[in-house]
Amino acid sequence: MHYSIGQVAAMNELSISQLRYYDKQGLLPFLKRTKKGDRVFEEDTLKLLEMILCLKETGMPIKEIKQFVDWCMDENDTIPQRLDMMKQQEILVLQQIQHTKENLTKIQQKITRLEREQTENQ
């Protein structure tokens, strides 16, 4: 099945201009084009786009995402590099989760104190 850039943008809650930007940055070298030059996404390209968006959302810089995509295009020859990159990103995401949990605890403690103060003042 083929999808247009508009369909893919809607499916991923992105703008068309974001997808065009990713393409210009070299993150979508796997895209095929129609004779008119329109970008065409296929099922397998959607999976790679999903990973690109995941890496972006977890804070990986565009330059590193491009490196990952380039390695994906080389297929089996770059499995060790891709594995290492994913393990490094996993560590970063786990650190982000821990930091977020610590902030959540602080917020919950503040809520508890404010609720107690509110109750005492009534």
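In the working numbering, the protein residues as written are 101 to 222. For glycine and all other residues, C-beta sits at the position ideal for the given N, C-alpha and C.
By a C-beta neighbour count over all protein chains shown, 10 Å radius and 16 as the cutoff for buried, is residue i buried or exposed?
i, result
"R133", "exposed"
"L204", "exposed"
"L149", "buried"
"L194", "exposed"
"I105", "buried"
"L155", "buried"
"L131", "buried"
"I152", "buried"
Check this for me: beta carbons of residue i and residue j, under 7 Å apart or not?
i, j, result
"I179", "Q125", "no"
"Q118", "M160", "no"
"L127", "K187", "no"
"H102", "V140", "yes"
"A109", "I116", "yes"
Chain D beta carbons: is any one of them nearer than 7 Å to that of residue i?
i, result
"I207", "The chain inventory of the structure shown lacks chain D, comprising one protein chain alone."
So residue i packs on residue j, CB below 8 Å; how close in whole Å?
i, j, result
"P129", "M173", "6 Å"
"T158", "L192", "7 Å"
Determine which residues share a DSSP beta bridge with residue i and list them.
i, result
"V169", "In DSSP, V169 forms no bridge with anything."
"K132", "V140"
"H199", "In the DSSP output, where bridge partners are listed per residue, H199 has none listed."
"Y103", "F141"
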